[in-house]
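Protein chains in written order, with this note's numbering: chain F, 1 to 411; chain E, 412 to 822.
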């Protein structure tokens, strides 16, 4: 398990991630701001889908919704069929440094957060979170879901963008640091970070909104959406991970993601995805829902675990532990297990319940294989049918197979 | 230690407190909205000051500041002297259902929160928190402290009041419930509650502010002041405690307060204050400060402990435990000790780190005397000289003498 070149490479990779200073610099239209984005691209979460991979319900609905929003047709059935064929091209968001939340698809007119790692200058992108309930990222093409998306991509995004220009870039990790002192795990619980973000932007938003009603609508959405911060955190994490990518010999994990058909990870020392079948999810279902209602896992948000958040920080998020049907003891056990498979402790993200100990930081594929501890990740659980929305929350374990494959590739 | 009439009385008192539903209904001028408030009243924190009780530095500065703000004179020295004599009258805020934070004095033109317990209709009052640093409630009469008070009592209070009229009353305990899931103790840490309060009011504030600059200034103050919620919580707690007052035979503690000269408690079964010398404070000092810089304890905020918050909820506030120089183990020990001297567990205020157990609720003077465990309270530590401000934070223990005296009065 010891390999000096890999040890050194991992320390370099870890240092590059720790040095990241991601800033939210703008809100823009995907087609305008994402380098390499082509007019008919549809960016999906997770590793690239193979031609014969099944498209899960949420993804199919999201593709249809994207075409409806792009104004290609008014007919949801026709939109779904059109989206499967040229000129439309389904691509992994990862291929252009973007991320998808759950089934959410980014198309040309999607409003996206533009996050820049000030240390490297690299930019990353993620779509605005729509909130809970029937959302396009869960595949809903209901009129109210599309109307909300139009408002988000239009009035709301331009209001947010203007506020950000007035205020100047928002540094993201200080908000995450503080949110961890307030019971967030940085992944499945974003209540504190979302509230802190609102506080950081609200004065400039009130100042720059085109009128008081516009300001009030934007602030009401920010106040009610306690997942709002998630995609901002994801883009920040991606920018940090990008700084470690290409570190020859490093077994540090830079991405964990799901495309609704497969699970994939990447390591810093190898550009390829290492795939396995989707893992099962344990958790708690909302009233009236059960395991057989659940759709497959999809989404890029497990990038948070690679940064030392999510399941890594579970010991600091006891309210989340209850929400997913677990106990404080289980939350502590998850964090303990993540200490066993990580390279260090995060220098800034700290767990108040552990007297301020840094979170488990830098999942090491070698340690995973050596210990046989499959890393834990937090996740929401969505209904298998498009558009129903979230039906629970829980956790899963990234299959060991992914890590064995990555190590083999490292040689 | 068993006395059936007292047991029953205590259960009645506890039920009355648990049934409270405090609403923030308005922001108004003290002289207009506090029943029984006379034009030259100056309301101070804690039990009534005796003629020969020393006035601590913070209180002396706050009295001078009140007269400067009332426009009686422009000369701080003269203001201090004038405030000691007729027609000015120093009264305990408690005598008109109001509360003082630290040395803060409420005079006729002070803006106050009006909180109504919807269950009983009783109204309680507290002044707006000025934030950290050189503040009038720490006795600062510096020009910037007075300018901030004028803005708070004027533009800010009327902006807040208008927003509240637009939105309608804000129910206070749901915010506290959620804040406890976010690392607040409900007393010395108010970061989450303040952020949640801002979220609840910001949309209406943007809508009703006289212009965008006024809205932006108000929102910036709300976002920066992470103690903002404290006086709102105090007035809510007071409204709950008032519902238990006058329960014959009850040994449940309804107030813990300090006036800078003495410590006092009251119990539900007896209207009198039971006094003792001020207890020492343990804690952590900000850089460059030490114990000999500390002024005496003053303030009504320990009403939060009587409601099951503050030191009672310390096990749920690990970030606060570190802030006051303690450990998570010590925080857990404080909460454990409070379980030993309380009548029950709060039905709504829950500690996530204890798997959602209700906070220790209803300090019982009998249990305190029987166990010899002096109840813990959280507090800020201010400099002994007027106007320097907060120099640390910590905790103290309410002297057993107060509880013995209360039990003796109960007979």
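Note that the Cβ used here is the ideal one computed from N, Cα and C, for glycine as well.
With contacts defined by Cβ atoms closer than 8 Å, residue 376 of chain F and residue 306 of chain F do not form a contacting pair. In the three-state reduction of the DSSP assignment, residue 697 of chain E falls in the coil class, being assigned neither a helical nor a strand state. Scanning E/738, E/799, E/695, E/709 for the CA closest to the CA of residue 689 of chain E turns up E/709. Per DSSP, reduced to three states, the secondary structure at residue 10 of chain F is helical. Shown here, residue 316 of chain F sits in a helix according to DSSP, grouped into three states. Residues of chain F with a Cβ closer than 7 Å to the Cβ of residue 416 of chain E do not exist, since the nearest Cβ in that chain sits about 39 Å away. Secondary structure at residue 595 of chain E: coil, using DSSP grouped into helix, strand and coil. Residue 618 of chain E has a beta carbon lying within less than 8 Å of a beta carbon in chain F.
Pairing residue 484 of chain E with residue 662 of chain E gives a Cβ-Cβ distance that is not under 8 Å.
Counting only residues of its own chain and dropping the five nearest sequence neighbours on each side, residue 344 of chain F has a CB closer than 7 Å to the CB of 14, 361, 362. Of F/212, F/208, F/222, the smallest CA-CA separation from residue 609 of chain E is found for F/222. For residue 272 of chain F, the enclosing beta strand (DSSP E) begins and ends at 270-277. Under the 8 Å criterion on CB atoms, residue 741 of chain E is classed as non-interfacial with respect to chain F. For residue 105 of chain F, no alpha helix (DSSP H) run applies, since DSSP gives it neither H nor E. The beta carbon of residue 602 of chain E sits closer than 8 Å to some beta carbon of chain F.
For residue 244 of chain F, no alpha helix (DSSP H) segment is defined, and its DSSP state is neither H nor E.
Look at the stretch 596-655 of chain E and you find these whole runs of alpha helix (DSSP H), each 4 residues long or longer: 602-619, 623-635, 641-653. Per the DSSP secondary-structure output, residue 126 of chain F pairs in a beta bridge with F/99, F/113. As a beta-bridge residue in DSSP terms, residue 434 of chain E pairs with E/527, E/582. Not one beta carbon of chain F lies nearer than 8 Å to the beta carbon of residue 578 of chain E. Listed in chain order, the positions of the stretch 709-724 of chain E with a beta carbon within less than 9 Å of a beta carbon of chain F would be empty, since no residue qualifies. Within the stretch 272-291 of chain F, no residue has its Cβ closer than 8 Å to any Cβ of chain E.
Note: residue 360 of chain F is bridge-paired with F/345 in the DSSP secondary-structure output. A buried status is given to residue 574 of chain E, since no fewer than 16 other beta-carbon atoms sit within 10 Å of its beta-carbon. For residue 669 of chain E, the secondary structure class from DSSP, reduced to helix, strand or coil, is strand.
Here residue 248 of chain F is exposed. Its C-beta has fewer than 16 other C-beta atoms within 10 Å.
DSSP places residue 41 of chain F inside the beta strand (DSSP E), whose first and last residues are 41-44.
Contact of residue 585 of chain E with chain F is not assigned, every C-beta pair being separated by 8 Å or more. With contacts defined by Cβ atoms closer than 8 Å, residue 798 of chain E and residue 457 of chain E do not form a contacting pair. If you draw a 10 Å sphere on the C-beta of residue 810 of chain E, you find 16 or more other C-beta atoms in it, and that means buried.
For residue 563 of chain E, the closest of E/537, E/521, E/642, E/651 by C-alpha to C-alpha distance is E/521. Shown here, residue 439 of chain E sits in a strand according to DSSP, grouped into three states.
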